[in-house]
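Data block below; observations after.
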Ligand SMILES: [Ca+2]
Ligand SMILES: [Ca+2]
Ligand SMILES: [Ca+2]
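Okay, here's the thing in structure tokens:
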């Protein structure tokens, strides 16, 4: 930095002196002493000029990251059973003047799906961050019990949100959040394993939890379809009546 600074000063000194000679600014300067003072003046002028340039550059340094795109696959406004993969492609742009590292988080409603770190994103460039998930593990947050109609497909519209964390020194934070993409989450309650159809695997799950209640070692909350806190023939009956059903 010091060498660079002195090199720039020397270049500007030569430049200023060159044009000073061309414009005959030193024509009236005759004595050695006067010429030395003139050189000193020009040198200080060059230092001042470079210093001003450096301070000007440091003043305009900008830190600003943003989410500029948000695409959902297989597409926004789709209906998804619990085990169907969903992808979100989030475009993160560095609108600042320096490289940035930042965290990007995807929210499914109020549930955090994942946080991914983008490292050393160059100034004035963008990158795509891809998230993939299924709703199966977050069903209790999307469809909290008690369940009113265990034989009907539950359905809720969930809005997705991408957030890029504010980086140090960032002022423009309004573009750090992108809300878009509505997913229609589905769940037919007796489809316990979330594979989209009610079959013997689901009924077996209820059978293994038979006669259990909250606190019991075999208690499974999702097998208590009618939310009466006991897994009995009523729950087996619901399973049997929905046998073979799928999300249509
Ligand atoms: Ca921003
Ligand atoms: Ca199933
Ligand atoms: Ca029950």
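In our numbering, the protein residues as written are 94 to 341.
C-beta: ideal position from N, C-alpha, C; glycine also.
Bear in mind the structure is a predicted one, so any value in this text is a computation, not a measurement.
Do residue 167 and residue 287 have their C-beta atoms within less than 8 angstroms of each other? No, these two residues do not count as a Cβ contact at 8 angstroms.
Distance check for residue 218 and residue 192, CA to CA, integer angstroms please. Each residue's CA atom was taken as its position, placing residue 192 and residue 218 some 9 angstroms apart.
Compare the Cα-Cα distances from residue 230 to each of 255, 254, 280, 212 and report the closest residue. It is 280.
Keeping to the same chain, check which residues put their C-beta closer than 8 angstroms to that of residue 246; ignore five residues upstream and five downstream. Excluding residues within five positions, the ones whose Cβ falls inside 8 angstroms are 279, 280, 281, 340.
Option nearest residue 261 by Cα separation, candidates 222, 169, 196: The shortest C-alpha separation from residue 261 is found at 196.
N-terminal and C-terminal residue of the alpha helix (DSSP H) that residue 296 is part of: Going by DSSP, residue 296 is part of the alpha helix (DSSP H) stretching over 293–301.
Please determine whether the Cβ atom of residue 318 lies at a distance below 7 angstroms from any heavy atom of ligand 3. Yes.
In terms of alpha-carbon separation, which member of 251, 169, 214 lies closest to residue 182? Selected option, being the one with the closest Cα: 169.
Three CB pairs or more closer than 8 angstroms across the stretch 311–322 and the stretch 207–218: These segments do not touch.
Pull up the distance between the alpha-carbon of residue 240 and that of residue 318, whole angstroms please. One C-alpha to the other measures close to 7 angstroms.
For residue 234, which residues in the same chain have their Cβ closer than 8 angstroms to its Cβ, ignoring the five residues on either side in sequence? 202, 203, 204.
Using a 10 Å radius around the Cβ and a threshold of 16 neighbouring Cβ atoms, would you call residue 224 buried or exposed? Counting of Cβ neighbours within 10 angstroms places residue 224 among the buried residues, the total reaching 16 or more.
Lining residues of ligand 1 - beta-carbon closer than 6 angstroms to any non-hydrogen atom, in sequence order: Output, sorted by chain position: 157, 158, 159, 263, 265, 266, 268, 269.
Whole-angstrom distance between residue 156 and residue 227, CA atom to CA atom: Their backbone Cα atoms lie some 34 angstroms apart in a straight line.
Chain C within 8 angstroms of residue 200, Cβ atoms only: The question asks about chain C, but that chain is absent: this structure has only one protein chain.
Got a sec? Which residues, its chain only, sit under 6 angstroms from residue 215 by beta carbon, not counting five neighbours each side? Contacts found: 192.
Length at least 3, wholly inside the stretch 161–194: the beta strand (DSSP E) runs in chain order: Within the stretch 161–194, the beta strand (DSSP E) runs of at least 3 residues that lie entirely inside it are, in chain order, 179–187.
If contacts are defined as beta-carbon pairs under 8 angstroms, then residue 295 and residue 332 qualify, I think. What distance do you get, rounded to the angstrom? Confirmed, Cβ separation roughly 6 angstroms.
Residue closest to residue 198, alpha-carbon to alpha-carbon, out of 325, 334, 309, 271: The shortest C-alpha separation from residue 198 is found at 271.
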